[in-house]
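Take 1126 as the starting number for the sequence shown in our numbering and just add one per residue. Take a look at the structure below.
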Amino acid sequence: MKDKKYYEELAQDSMLKFTEKEIDEIVAKQEDLRKEFEKVLKIDTTNVKPLFYPYDDIHTYLRDDNETTTIDQKKILANAPTCEGDFVTIKKVVK
1126 MKDKKYYEEL AQDSMLKFTE KEIDEIVAKQ EDLRKEFEKV LKIDTTNVKP
1176 LFYPYDDIHT YLRDDNETTT IDQKKILANA PTCEGDFVTI KKVVK
């Protein structure tokens, strides 16, 4: 269990300032949490199978890939007014 001194040092290391009342409240809340976790740890789970994924069915919400047709590069270059190598060339737009 963490004591009052621990939280005072932690506050100082974190550059926080707490009043005595606030530190007492933190210690009390920590003690309450510890008691609650002790209850959870007392639960007998010897015959319980571990659960790695909480749902039986894994859902993927991605769309199916659909094959698409593309135009051959040679046809595109043949239809271009001007081309250079594997690229379509255009007039310079920016000055």
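The beta-carbon is built from N, C-alpha and C at its ideal position, and this holds for glycine as well.
Going by DSSP in three states, residue i sits in which element: helix, strand or coil?
{"i": "GLU1192", "result": "coil"}
{"i": "ILE1183", "result": "coil"}
{"i": "LYS1199", "result": "helix"}
{"i": "ASP1128", "result": "coil"}
{"i": "VAL1165", "result": "helix"}
{"i": "VAL1173", "result": "coil"}
{"i": "VAL1152", "result": "helix"}
{"i": "LYS1146", "result": "helix"}
{"i": "LYS1220", "result": "coil"}
{"i": "LEU1141", "result": "coil"}
Tell me residue i's beta-bridge partners as DSSP assigns them.
{"i": "VAL1213", "result": "CYS1208"}
When you compare the CB positions of residue i and residue j, do they come within less than 7 Å of one another, or not?
{"i": "VAL1213", "j": "ALA1205", "result": "yes"}
{"i": "LYS1130", "j": "GLN1155", "result": "no"}
{"i": "PHE1143", "j": "ALA1153", "result": "no"}
Quick one: what's got a C-beta closer than 7 Å to residue i's C-beta in the same chain, skipping five residues either side?
{"i": "ILE1148", "result": "LYS1129, TYR1132 and GLU1133"}
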